[in-house]
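In the working numbering, each residue's number is its place in the sequence shown (first place is 1) plus 58.
Each residue gets a CB set at the ideal place from its N, CA and C atoms; glycine is no exception.
Since we're looking at a predicted model, the values are computed, not measured.
Below: one structure, written as structure tokens.
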Amino acid sequence: MSEAVQSEPIGKFKKRVFSGVQPSGGLTLGNYLGAIKRFVQMQNDDYETIYCVVDLHAITVWQNPKMLRQNIRELAASFIASGLDPKKSILFNQSAVPEHAQLGWVFNCVARMGWMQRMTQFKDKAGKNAQNASLGLFGYPALMAADILAYHATHVPVGDDQKQHLELTRDIAIKFNHDYEIDFFPVTEPVIGGPAARVMSLRDGTKKMSKSDPSDLSRINMTDNSDMIANKIRKAKTDQYGLPSEPKGLEGRAEAQNLVSIYAALGDQSLESVLSEIGGKQFSDFKPMLVERATAVLSPISSEMGRIMQDIPQLDKVLNDGAFKAKSLAEPILKKTFDIIGLN
Ligand code: TYM
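Below, the structure is given as structure tokens:
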């Protein structure tokens, strides 16, 4: 067994990272910069890292079964192609470890209706037709809390849009600990930040870049080729001003802020250092620089994804091994949870 899965004394929290991405197809640059790239960075730090293809979350809206199977593998391939190393991190899919759903049920009984009704992402996703949304979509944040707390994870890297769900995770941990008078679940820290915590649409700098936007020009997909990336950046909305040399000069300029932030995050630079280099340039000079940087980062990832997808048995083996390791961590935590509640 690798070092990553040595068991810890239950109730004592060591630094452990958990995060997940839904395999609902069409990964964007937002997923990459806000989440996947940071997953890879954290595996090189002083953490034990666990990353999950959250397939049970994806079925909160209907998925074509054949496509779902494909999307699960593609997402796992994109993790690996981005630098996630299955020797350093545990990589698996959620449905392969039943403890997620079991603990999810426990948390359905801990979370309050009022808490769930405040979740803005449910309101956004359900839209005007909330009565017709699945119960799973409504209860989803309790399953997300279970994903994290089934491992006693202490740190969760996510984009800014998941902040409210992580606050709920903390509330669930606190209420469980309080109700059963035990310090059992950690109060998890969200790890949100950097210039790409919220990557915005290329067509409207006030809207999040999202796979569900009807316009493909609004987003860069992780599998877009260099011509597509160049075309989308060329058409990206801007304003008529030049670029400032300090972050203050981006205030009130959502599109400029977004493009410069993307450029900074792609190159692991701060906004300050980027602006000190490009301040005074026009968008006509800056956009080709952005195209070059985006292509240099994304092209090798998408060709590596293609290579990994050629060997499905090997990819499935990685996921199976990961599920085995994940289960060995989650099982004793679920068992202890049941003990605390009085279930066994
Ligand atoms: P999901 O699948 O919608 O997105 C995966 C990750 O990508 C981030 N992200 C972005 N970051 C910056 N800018 C954007 N435009 C952008 N779009 C997406 C998201 O913030 C997320 O980090 N509920 C989660 C999945 C989940 C999870 C978990 C995450 C389930 N269980 C446990 C962490 C821990 C979701 O739907 O992410």
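- It is roughly 16 angstroms from the alpha-carbon of F150 to the alpha-carbon of V214.
- Annotation for R261 indicates a beta carbon at 8 angstroms or more from all heavy atoms of the ligand TYM.
- The C-alpha of T296 is placed about 30 angstroms away from the C-alpha of F97.
- For M202, the number of other beta carbons within 10 angstroms of its own is at least 16, and it is reported as buried.
- The Cβ atoms of G307 and L333 sit closer than 9 angstroms to each other.
- As DSSP reads the structure, P248 sits in a beta bridge with V214.
- Along the segment 163-239, the beta strand (DSSP E) occurs as fully enclosed runs of 3 or more residues at 213-215, listed in sequence order.
- Here the distance from the Cβ of G78 to the nearest heavy atom of the ligand TYM is below 8 angstroms.
- Between M363 and A135 the beta-carbon gap is near 5 angstroms, inside 8 angstroms, which marks them as a contact.
- The beta carbon of I336 is closer than 7 angstroms to those of L301, F344 in its chain, skipping five residues each way along the sequence.
- Judged by the Cβ position, L193 fails to qualify as a neighbour of the ligand TYM at the 8 angstroms threshold, every heavy atom of the ligand being at least this far.
- In the DSSP assignment, V75 falls within the beta strand (DSSP E) that extends over 74-79.
- The straight-line gap separating the alpha-carbon atoms of A139 and I366 is approximately 8 angstroms.
- For D229, the shortest C-beta to heavy atom distance toward the ligand TYM is 8 angstroms or greater.
- Measuring C-alpha to C-alpha distances from T107 to each of K95, K73, M125 identifies K73 as the nearest.
- A distance below 9 angstroms separates the beta carbons of G78 and V111.
- Contact between A154 and A381 is confirmed by a C-beta separation of about 4 angstroms, below the 8 angstroms threshold.
- Selection S273, G263, G172 evaluated against E309 yields G263 as nearest (Cα-Cα).
- Shortest gap from the CB of L201 to any heavy atom of the ligand TYM: under 8 angstroms.
- The segment 121-133 and the segment 172-191 do not touch, with fewer than 3 CB-CB distances between them shorter than 8 angstroms.
- The DSSP-derived three-state label of I320 is helix.
- Per DSSP, the beta-bridge partners of N151 are V111.
- Taking C-beta separations shorter than 7 angstroms and ignoring five residues to either side along the sequence, the partners of A93 in its chain run S77, V79, P215, V216, G217, following chain order.
- Only buried fits D282, as 16 or more other CB atoms lie within 10 angstroms of its CB.
- When the Cα atoms are used, R311 and F71 turn out to be separated by approximately 43 angstroms.
- Judged by their CB atoms, T246 and A211 are nearer to each other than the 9 angstroms cut-off.
- Sorting P346, E304, S328, D274 by C-alpha distance to the C-alpha of G84 places D274 at the top.
- Around the beta carbon of A188, a 10 Å sphere encloses fewer than 16 other beta carbons of the protein chains shown; the residue is thus reported as exposed.
- Contact check for P248 and L224: beta-carbon distance about 4 angstroms, within the 8 angstroms limit, so the pair qualifies.
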